[in-house]
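Just below is one structure, and these are the notes that go with it.
Numbering (the UniProt record's numbering), first residue to last: 1 to 373.
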């Protein structure tokens with residue numbers, strides 16, 4: 001399939017829902033992608049099953065602090081600069097590109113790459129959501145190396161990282177990124193078509209598009225967009241557990257940029273009385289708790305949406321006084337395994353909570369996926 005101009009709003013909305021507050025502001029990427037489509041024509045998307053086993057696949061995206069990305073325009077060169085430098089480094093041309101994550105801006109960067117190179121984009125990614133570090137991928141969990149990691153900033157400065165482990169590679173790449181201005185485009189995780197089919201989270205671009213279209217359709221007829229989102233999640237293959245977790249107003253928010261990450265926490269006051277909810281984020285939302293009761297925690301998805309429009313809210317744009325509806329979704333199966341939880345579970349983010357699936361924490365209520373607090 002092709003991604004046309006009329007798809008961009010829906011795709012941006014859906015990608016931001018799956019992005020769990022991170023992945024970069026999709027509005028910035030949407031404008032850049034729109035401009036490219038008008039100049040070059042639409043990018044093409046292919047299914048994983050249509051990929052040749054011996055194809056050479058490279059993942060591409062943006063890395064850095066989402067707050068910093070708000071201050072910099074996304075240059076068109078960000079779509080292909082890292083990929084072309086990677087190809088020169090390894091001496092082989094890519095046959096397809098894939099998002100490293102399906103979140104916000106990072107779902108759109110590969111489509112920009114496709115516009116510039118005419119390479120197809122794979123309908124899948126390495127997270128099924130957004131995570132803040134390069135080691136938290138389905139690829140890495142399966143044993144595929146991320147290296148070399150090639151990062152290019154807006155000055156065309158290049159950092160190439162190879163390391164003994166993904167953890168050390170993340171530290172080194174992050175340090176270089178801070179010196180490069182805390183944001184840049186990346187190419188990494190080279191793999192074969194067979195490896196991509198075995199390890200990627202499938203169908204996430206089409207899922208993001210379906211989620212965004214459901215929100216747009218609900219707005220058009222003044223229906224409940226949150227129920228529409230839950231319906232799309234339930235109809236996914238495999239089905240995604242979705243829950244309405246909390247509705248309230250942001251009554252406190254604190255954030256800072258530390259080591260290239262957007263780190264913070266906040267408080268939600270319920271609209272109709274009751275206990276407040278607290279939440280935290282590291283580029284993406286990591287947990288939400290109402291009083292002593294845990295509502296959701298990584299690797300499950302936590303998304304904040306405007307209560308009136310269902311427009312997703314990123315961690316860098318959330319502000320005091322916003323009325324929000326918090327939704328939660330089950331993580332891709334890759335991340336609920338012991339190996340997956342070791343790198344994406346609560347302990348990996350410094351949280352004291354044990355991981356409990358969102359559907360266990362929030363049993364369904366008759367007639368609803370879950371009632372908001």
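Quick reminder that beta carbons are idealized off the backbone N, C-alpha and C, glycines included.
Alpha carbon of residue i to alpha carbon of residue j, nearest angstrom
{"i": "residue 220", "j": "residue 210", "result": "15 Å"}
{"i": "residue 135", "j": "residue 85", "result": "21 Å"}
{"i": "residue 243", "j": "residue 195", "result": "32 Å"}
{"i": "residue 193", "j": "residue 275", "result": "49 Å"}
{"i": "residue 57", "j": "residue 141", "result": "17 Å"}
{"i": "residue 104", "j": "residue 231", "result": "21 Å"}
{"i": "residue 267", "j": "residue 124", "result": "34 Å"}
{"i": "residue 303", "j": "residue 204", "result": "16 Å"}
{"i": "residue 320", "j": "residue 247", "result": "15 Å"}
{"i": "residue 2", "j": "residue 239", "result": "25 Å"}
{"i": "residue 6", "j": "residue 208", "result": "14 Å"}
{"i": "residue 371", "j": "residue 202", "result": "A caution first: residue 371 carries a pLDDT of 47, below 50, which makes its placement in the model unreliable, though a value can still be read off. Cα-Cα distance, rounded: 29 Å."}
{"i": "residue 373", "j": "residue 245", "result": "Below a pLDDT of 50, predicted positions are generally treated as unreliable, and residue 373, at 47, falls in that range; no measurement from the model is reported."}
{"i": "residue 60", "j": "residue 81", "result": "10 Å"}
{"i": "residue 278", "j": "residue 217", "result": "32 Å"}
{"i": "residue 79", "j": "residue 113", "result": "4 Å"}
{"i": "residue 354", "j": "residue 347", "result": "8 Å"}
{"i": "residue 290", "j": "residue 269", "result": "10 Å"}
{"i": "residue 324", "j": "residue 145", "result": "39 Å"}
{"i": "residue 343", "j": "residue 16", "result": "22 Å"}
{"i": "residue 33", "j": "residue 186", "result": "17 Å"}
Boundaries (first-last residue) of the alpha helix (DSSP H) holding residue i
{"i": "residue 170", "result": "166-179"}
{"i": "residue 27", "result": "26-40"}
{"i": "residue 194", "result": "193-199"}
{"i": "residue 275", "result": "Per DSSP, residue 275 belongs to no alpha helix (DSSP H) and is neither H nor E."}
{"i": "residue 83", "result": "81-90"}
{"i": "residue 138", "result": "138-141"}
Neighbourhood of residue i by C-beta distance below 6 Å, restricted to the same chain and skipping five residues each side
{"i": "residue 286", "result": "280, 298, 349"}
{"i": "residue 40", "result": "115"}
For residue i, three-class secondary structure by DSSP
{"i": "residue 242", "result": "strand"}
{"i": "residue 3", "result": "coil"}
{"i": "residue 306", "result": "strand"}
{"i": "residue 337", "result": "coil"}
{"i": "residue 103", "result": "coil"}
{"i": "residue 253", "result": "strand"}
{"i": "residue 212", "result": "helix"}
{"i": "residue 359", "result": "helix"}
{"i": "residue 50", "result": "helix"}
{"i": "residue 188", "result": "strand"}
Whole-Å CB distance - residue i paired with residue j, under 8 Å assumed
{"i": "residue 30", "j": "residue 111", "result": "The pair is not a contact, with the Cβ atoms about 10 Å apart (cut-off 8 Å)."}
Cut-off 7 Å between Cβ atoms - residues of its own chain near residue i, not counting five sequence neighbours on either side
{"i": "residue 215", "result": "13, 225, 228, 229, 310"}
{"i": "residue 55", "result": "95, 96, 192, 193"}
Range covered by the beta strand (DSSP E) that runs through residue i
{"i": "residue 315", "result": "Unbroken run through residue 315: none, as it is neither H nor E."}
{"i": "residue 226", "result": "Taken as a continuous stretch (DSSP letters only), residue 226 belongs to no beta strand (DSSP E), being part of the alpha helix (DSSP H) at 225-235."}
{"i": "residue 109", "result": "Careful: residue 109 lies outside any beta strand (DSSP E), inside the alpha helix (DSSP H) at 109-117."}
{"i": "residue 325", "result": "323-329"}
{"i": "residue 149", "result": "149-152"}
{"i": "residue 160", "result": "158-161"}
{"i": "residue 17", "result": "First-last for residue 17: 8-18, but that is the alpha helix (DSSP H), not the beta strand (DSSP E)."}
{"i": "residue 289", "result": "284-290"}
Contacting residues, own chain, Cβ-Cβ under 8 Å from residue i (five flanking each side not counted)
{"i": "residue 147", "result": "161, 162, 163, 169, 188"}
Residue-chain proximity (residue i, chain C), Cβ-Cβ < 7 Å
{"i": "residue 197", "result": "Given the protein chain composition of this structure (a single chain), no chain C is represented."}
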